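Taken in sequence, the protein lines are chains A and B.
Per our numbering, the very first residue in the first sequence carries number 989; after that it's consecutive.
Per our numbering, the very first residue in the second sequence carries number 989; after that it's consecutive.
Number of protein chains: 2
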Amino acid sequence: MSKKTTIYDIAKKLNITAATVSRALNNNPKISETTRALVLKTAAKMNYEQNKLALALKSGKSFNVGVIVPRIDSNFFASVIRGIEEELHPEGYHVIICQTHDQKSQELTNVNSLLNAQVDGILMSISNANDPNKPENKKDINSAENDIFNNILKKNVPLIFFDRKKDIKGVSSVIIDDFKGAYDATQHLIDQGKKRIAHLSNNREIAIFNNRYLGYKQALLDNDFEFDENLVINCFSKVDEGRKVAKKLLEMKEPPDAIFSVSDFSALGAIQEILEQGYKIPEDISVVGFSNEPFTKFMELSITSVDQSPTEMGRIVAKVFLEEVNNDSKIKSEKHVVLSPELMIRKSSLSPAVTA
Amino acid sequence: MSKKTTIYDIAKKLNITAATVSRALNNNPKISETTRALVLKTAAKMNYEQNKLALALKSGKSFNVGVIVPRIDSNFFASVIRGIEEELHPEGYHVIICQTHDQKSQELTNVNSLLNAQVDGILMSISNANDPNKPENKKDINSAENDIFNNILKKNVPLIFFDRKKDIKGVSSVIIDDFKGAYDATQHLIDQGKKRIAHLSNNREIAIFNNRYLGYKQALLDNDFEFDENLVINCFSKVDEGRKVAKKLLEMKEPPDAIFSVSDFSALGAIQEILEQGYKIPEDISVVGFSNEPFTKFMELSITSVDQSPTEMGRIVAKVFLEEVNNDSKIKSEKHVVLSPELMIRKSSLSPAVTA
DNA sequence: CTGTTAGCGCCTTCAT
DNA sequence: ATGAAGGCGCTAACAG
């Protein structure tokens, strides 16, 4: 129906020129108070609203930022996005979300389509951080990915990684200290008197999982524990996978008396299997997860987990972006923020003996 | 650094005009194969990428849609958004998300800013569906809200409500059949032999909660149960609130033997309180929640709940939007989709007697 | 088939 | 203090 009213409409009505209207609307000092007031009034009356699209085309700033995540319906990513949105909204930015479903191809198309949409920045958690040291990954997909990242940078669009990063020159990042999170979790189990601590890991080509593995290992070494590679098993972040792996662990000649998992979901699966086989948690076997998923604290047997403060992470990612986008100087500096995770100690690992 | 290359750049290089380049790029039939090939090749070589902003300004279509939700870090909304994104992405649309934190004021500013950004549609779950029959709501905020909705429609921007809707002429909606969900849940409890079923409700000015209340009530009446208003208690969707209310219920002279809650969170709180007081679930008291939050199936004592298929809801919302936006005809028709919820029966309500 | 022209809505020099 | 003109990048109508 009613076409949107433009500055020309209101200019015509007032027998002045669009430029004047523009000035009045933008608090330009070079204009008389009377005409400004008049313009403002009629603008309001005519329901004028600025067309940000035209402004964007003119200024080269769209006030949109793209956020790329593997999926949005996971508490972690949703919370990060929440933080980003809350921090960016007051600054006038809109948040566009894209999902990759952990597929590199999606990642590439998403980046391209965001770039075409002229976003002012791209904040992303990369789909699958292949180890650049592995020669088989170095070519094909990986180089295509690097190309796209460099493409972003060449266009002067700020790019910021969060959680799952990749080391690329000129790219800032916000992550948590996975090493520390794992170290603390393992130390906690040791403090509870556990002697044989297993580790449910995941694809260690992904930095976050590798760092958790290293933190676990270091805690053992620092406590003069022997490190037994047989107690480290990879599994996907699924409940069923956790069950399977737990079953294997319980079949060992010398089963573990504690499990530290990189995922709350596999930790939950392990717990289910352990209880089903008649063991007691935490008396016989303690379990610690990672991510502090909402369900971990809701369980009757609440699960100890490592909190990653995702909303805070999102806030910081947004702040780093704002700094970069507001930094006019030609010299761009990377910024690397490492958040400290917090161990949430709950029933699944709190030995009654120690409690008392 | 490298400024983005435009069609002018490639036109100049080829000594042709920008229009021709545009035609070549858009598969316009009126162009020779040779020049098209040439243009395509040099475009690729120069890393040309279409500026969607300019296109949007020209065509009036931004290929952005705004999604407004109370908050994104809730499994329900995140899943709906997932569905929306997955359905819209292949069609070339980007999804902009806004949060209201259940505040009407935020809702208004979000709508306005999306409109300014020239989105092609707005999909929203309204913050707080005040009962329009309540005279005290009819003025101020409510009318301001209606104004803004009508404003959207006047601009010919498709508006679609999901989950929390409001009856406005010309606005389509996708919701679930809350009445049926509640009815089925209550009937299930009756089938399990329960005689005195309490209901944890919530602000019934919000349609979804009122409909759940009505479904609960109708199931009782259809089974010749007496309806006891004392067994209906309002509480927020929080674990602690559920505990408090459960405590009250257990203090009654004649406590209930089952609870149907409009929220999984308050259901969980109730469960915690009930177990703590030494009652058995489901033998003494059965509990059923609503929403099928992930944790309900993870609990050792898994919680029966009503699934709302949020991802599916998102997909459908997106489809309804696409239909509207692709419908050229002047006659706009509302579309109202009502999804059928599914009761997920779990341990918290499955009486062993019946199981056997 | 291709070039010319104009305009989407806004802002910003440059005049006046 | 205001008007005139140009341009952001693209497409569509109209010529040729």
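For every residue, glycine included, the Cβ atom is placed at its ideal position computed from N, Cα and C.
If you're wondering where the values come from, they're calculated on a predicted model, not measured in any experiment.
Distance CB(residue i)-CB(residue j) smaller than 8 Å
{"i": "A1234 of chain A", "j": "E1261 of chain A", "result": "yes"}
{"i": "A1203 of chain B", "j": "F1278 of chain B", "result": "Here residue 1203 of chain B is Gly; the residue named in the question, Ala, does not match the sequence. No, the pair does not count as a contact, with Cβ atoms beyond the cut-off."}
{"i": "D1151 of chain A", "j": "I1163 of chain A", "result": "yes"}
{"i": "I1185 of chain B", "j": "L1219 of chain B", "result": "yes"}
{"i": "V1068 of chain A", "j": "G1230 of chain A", "result": "no"}
{"i": "H1077 of chain B", "j": "I1084 of chain A", "result": "no"}
{"i": "I983 of chain A", "j": "L1111 of chain A", "result": "This structure cannot settle anything about residue 983 of chain A, because the visible part of chain A is limited to 989 through 1344."}
{"i": "T1299 of chain A", "j": "V1276 of chain A", "result": "no"}
{"i": "N1322 of chain B", "j": "S1113 of chain B", "result": "A small correction: the amino acid at residue 1322 of chain B is Glu; Asn does not occupy that position in the sequence shown. It is not a contact, given that the beta carbons lie outside the stated cut-off."}
{"i": "L1045 of chain A", "j": "A1042 of chain B", "result": "yes"}
{"i": "T1088 of chain B", "j": "N1035 of chain B", "result": "no"}
{"i": "T1174 of chain A", "j": "L1208 of chain A", "result": "yes"}
CB contact below 8 Å: residue i versus chain A
{"i": "Q1087 of chain B", "result": "yes"}
{"i": "L1338 of chain B", "result": "no"}
{"i": "L1365 of chain B", "result": "An answer regarding residue 1365 of chain B cannot be provided, because it is not within the stretch 989 to 1344 covered by chain B."}
{"i": "A1012 of chain B", "result": "no"}
{"i": "E1264 of chain B", "result": "no"}
{"i": "S1050 of chain B", "result": "yes"}
{"i": "H1176 of chain B", "result": "no"}
{"i": "K1143 of chain B", "result": "yes"}
{"i": "K1307 of chain B", "result": "no"}
{"i": "H1187 of chain B", "result": "no"}
Residue i, enclosing beta strand (DSSP E) - first and last residue
{"i": "S1293 of chain B", "result": "S1293 to D1295"}
{"i": "Q1087 of chain B", "result": "H1082 to Q1087"}
{"i": "G1109 of chain A", "result": "G1109 to M1112"}
{"i": "E1330 of chain A", "result": "E1330 to M1332"}
{"i": "V1162 of chain B", "result": "S1160 to I1164"}
{"i": "N1052 of chain B", "result": "N1052 to V1057"}
{"i": "S1274 of chain B", "result": "S1274 to V1276"}
{"i": "V1227 of chain A", "result": "Element bounds for V1227 of chain A: not the beta strand (DSSP E) but the alpha helix (DSSP H), V1227 to L1238."}
{"i": "I1148 of chain A", "result": "L1147 to F1150"}
{"i": "D1246 of chain A", "result": "Before going further, note that residue 1246 of chain A is Ala rather than Asp in the sequence given. First-last of the beta strand (DSSP E) with A1246 of chain A: A1246 to S1249."}
Proximal residues of chain A, C-beta to C-beta of residue i below 7 Å
{"i": "R1334 of chain B", "result": "What R1334 of chain B touches in chain A: nothing, since even the nearest Cβ is about 14 Å away."}
C-beta neighbour in chain B for residue i, strict 8 Å
{"i": "S1279 of chain A", "result": "no"}
{"i": "R1070 of chain A", "result": "yes"}
{"i": "Q1296 of chain A", "result": "no"}
{"i": "A1044 of chain A", "result": "yes"}
{"i": "Q1106 of chain A", "result": "yes"}
{"i": "L1147 of chain A", "result": "no"}
{"i": "N1134 of chain A", "result": "no"}
{"i": "M1287 of chain A", "result": "yes"}
{"i": "Q1038 of chain A", "result": "yes"}
{"i": "K1001 of chain A", "result": "no"}
{"i": "L1256 of chain A", "result": "yes"}
{"i": "K1268 of chain A", "result": "no"}
{"i": "K992 of chain A", "result": "yes"}
Beta-carbon neighbours of residue i, restricted to chain B and to distances below 8 Å
{"i": "A1073 of chain A", "result": "Reading off the sequence shown, one finds Glu at residue 1073 of chain A, where the question assumed Ala. What E1073 of chain A touches in chain B: I1060, I1085, C1086 and Q1087."}
{"i": "P1078 of chain A", "result": "Result: empty, since nearest Cβ-Cβ is about 10 Å, beyond 8 Å."}
{"i": "M1301 of chain A", "result": "Those within 8 Å of M1301 of chain A in chain B number zero; the least Cβ separation is about 12 Å."}
{"i": "N1015 of chain A", "result": "What N1015 of chain A touches in chain B: nothing, since even the nearest Cβ is about 17 Å away."}
{"i": "H1324 of chain A", "result": "The contacting residues do not exist; H1324 of chain A stays about 23 Å from chain B at best."}
Chain-ordered neighbours of residue i on chain B, where CB pairs are closer than 7 Å
{"i": "A1345 of chain A", "result": "With chain A represented from 989 up to 1344, any question about residue 1345 of chain A goes unanswered, as that position is not in the structure."}
{"i": "A1066 of chain A", "result": "I1060, D1061 and A1066"}
Residue span of the alpha helix (DSSP H) that contains residue i, given as start and end
{"i": "F1065 of chain B", "result": "N1063 to L1076"}
{"i": "S1010 of chain B", "result": "A1006 to L1013"}
{"i": "F1286 of chain A", "result": "P1282 to F1286"}
{"i": "N1314 of chain B", "result": "P1298 to N1314"}
{"i": "S1254 of chain B", "result": "D1252 to E1264"}
{"i": "N1199 of chain B", "result": "A1195 to D1210"}
Within chain B, partners of residue i - CB distance below 9 Å
{"i": "P1282 of chain A", "result": "N1063, E1281, P1282 and F1283"}
Within chain A, the residues that residue i reaches when beta carbons sit closer than 8 Å
{"i": "L1041 of chain B", "result": "L1041, A1044, L1045, S1050, A1105 and Q1106"}
{"i": "K1157 of chain B", "result": "In chain order: nothing, as chain A lies at least about 14 Å away."}
May I ask you to verify whether the segment 995-1012 of chain B touches the segment 1332-1340 of chain A, counting CB pairs closer than 8 Å and requiring at least 3? no
Taking three-plus beta-carbon pairs below 8 Å as touching, is the segment 1062-1081 of chain A in contact with the segment 1011-1031 of chain A? no
Taking one C-beta from the segment 1096-1103 of chain A and one from the segment 1175-1189 of chain A each time, how about it: are there three or more such pairs within less than 8 Å? no
If you pair each beta-carbon of the segment 1250-1265 of chain A with each one of the segment 1187-1199 of chain A, do three or more pairs fall below 8 Å? yes
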